[in-house]
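Just so you know, we're using the numbering used here here: the sequence shown kicks off at 42 and counts up by one. Here a beta-carbon is modelled for each residue, glycine too, at the ideal position from N, C-alpha and C. Report on the structure given below.
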Amino acid sequence: MSEIGLHHVTAFSGPAARNRDFYTRVLGLRLVKTTVNFDDPGTYHLYYGDEAGQPGTLLTFFPIAHAAAGRVGVGETQETAFRVPRASIGWWVHRFVAMNVDHQAPSSAFGEPTLRFRDPDGMRLALVGVEEAGPAPTRDGGDVPAEHALRGLHGVTLLLAEAGPTAAILTDGLGFREAARDGASIRYAGSAAAGGFVTLATAADRSSGRPGAGSVHHIAFRAADDAAQAATVDRLSTHHRLAVTEQRDRQYFRSVYFREPGGVLFEIATDVPGFTVDEPLATLGSALKLPAGLEPHRARIAAALPDLA
Ligand code: ZN
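Given below as structure tokens:
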């Protein structure tokens, strides 16, 4: 039985070192994998998450040093949110002030305290205070105390021209259920504690976005294994006539992709094999890892990548 929820969110960023510093040093996430974009090995693919990089905790980036800023529009992910304990929101406000992080005053969304902020590329992010945040991580997250540490993704908000067609994919296709409404936004809940929410927001202004630094490329949902993924693909192609790609081996998970009717690129990624498949838990993210097919070109690939140090 698969957990219903997000596996990861993948976005574009500006310079790799600045991106790494923000997510590890300011937010206290762990860099759990340093690899390249398998479809474009001249670009890093950096994965941030909890200690083991568990599904539902992952935000990943393709850093492009001189990327122009993206702009959010319909058919795109508008906001990516992480969970923190409800009592930690105030601590994070102080941290963002002290570290000059662009942020708004905390507000309430769906009855939960929400601290909206942006990363150095202007990517729209939020911390959502939840009652059941789960145990504090055992790993040292730099100077972020474990009690205030991020507890994985909360969810994403998609900006759409109309909610209905995307809602049908989320519910019938992927197993989410409608959980709440707040103004014009509808929240759908899965079963996973981390990454369990997708909120659909509709926009009166239908202008489309522009991909660039700070914009989300795709969002990925969880499948326990290949069989669960295949069953979901069958449902999506039979009931919803969606064109789903062949499975691609992403080394740490296996993926299929499709564009949902609202325009957002969706992925379904397996929970297996995970990030310890090619390096031990203790040293995750510390060395450049390449899939077997790219390993013969390691010297040339590594020489072309920007310095992360
Ligand atoms: Zn992905």
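Three-state secondary structure (DSSP) of residue i
i: Pro206; result: helix
i: Ser129; result: helix
i: Asn60; result: helix
i: Ile227; result: strand
i: Phe151; result: coil
i: Pro104; result: strand
i: Val142; result: coil
Residues of its chain near residue i, where Cβ-Cβ distance is below 7 angstroms and the 5 sequence neighbours each way are ignored
i: Ser43; result: Arg263, Ala264, Ala265 and Ala269
i: Ala234; result: Gly175
Residue i to residue j span [Cα, whole Å]
i: Arg295; j: Phe79; result: 13 angstroms
i: Gly231; j: Val171; result: 16 angstroms
i: His189; j: Thr279; result: 44 angstroms
i: Arg222; j: Glu320; result: 43 angstroms
i: Val142; j: Arg159; result: 7 angstroms
i: Leu200; j: Val305; result: 9 angstroms
i: Gly250; j: Ala52; result: 14 angstroms
i: Pro332; j: Asp290; result: 9 angstroms
i: Ser216; j: Ile45; result: The sequence given here has Gly at residue 216, not Ser. Looking at the two C-alpha atoms, the distance is approximately 7 angstroms.
i: Ala220; j: Arg276; result: 22 angstroms
i: Phe132; j: Gly303; result: The displayed chain sequence assigns Trp, not Phe, to residue 132. Approximately 37 angstroms between the Cα atoms of the pair.
i: Arg282; j: Arg71; result: 39 angstroms
i: Pro206; j: Val185; result: 40 angstroms
i: Arg66; j: Gly183; result: 7 angstroms
Delimiting residues of the beta strand (DSSP E) encompassing residue i
i: Leu277; result: That residue, Leu277, is in no beta strand (DSSP E); its alpha helix (DSSP H) goes Asp267 to His280.
i: Ala333; result: First-last for Ala333: undefined, no H or E at that position.
i: Ile260; result: Val257 to Ala264
i: Thr309; result: With the sequence shown as reference, residue 309 is identified as Ile, and Thr is not the correct amino acid for it. That run of the beta strand (DSSP E) goes Leu306 to Thr311.
Terminal residues of the alpha helix (DSSP H) in which residue i lies
i: Ala167; result: Run containing Ala167: none in the alpha helix (DSSP H); it sits in the beta strand (DSSP E), Arg165 to Val171.
i: Arg291; result: Looking at the DSSP string, Arg291 is not in any alpha helix (DSSP H), and its letter there is neither H nor E.
i: Arg341; result: Arg339 to Ala345
Presumed contact (8 angstroms Cβ cut-off) between residue i and residue j, rounded CB distance
i: Tyr229; j: Lys74; result: The Cβ separation is near 29 angstroms, so there is no contact.
i: Ala310; j: His48; result: 4 angstroms
i: Ala254; j: Ile130; result: In fact, because the Cβ distance is near 27 angstroms, the residues do not count as touching under 8 angstroms.
i: Leu329; j: Ala93; result: About 20 angstroms; that fails the 8 angstroms criterion.
Any C-beta of chain D under 9 angstroms from that of residue i
i: Arg124; result: In summary, chain D is missing from the structure at hand, where a single protein chain is found.
Same chain, Cβ closer than 8 angstroms to residue i, neighbours up to 5 away in sequence not counted
i: Arg127; result: Glu153, Pro154, Gly170, Val171, Glu172 and Ala174
i: Ala345; result: Gly83
i: His258; result: Thr51, Ala52, Phe53, Phe103, Pro252 and Leu306
i: Leu349; result: Ala57, Ala58, Arg61, Thr75 and Tyr85
Neighbourhood of residue i by C-beta distance below 6 angstroms, restricted to the same chain and skipping five residues each side
i: Thr121; result: Val50, Leu166 and Val197
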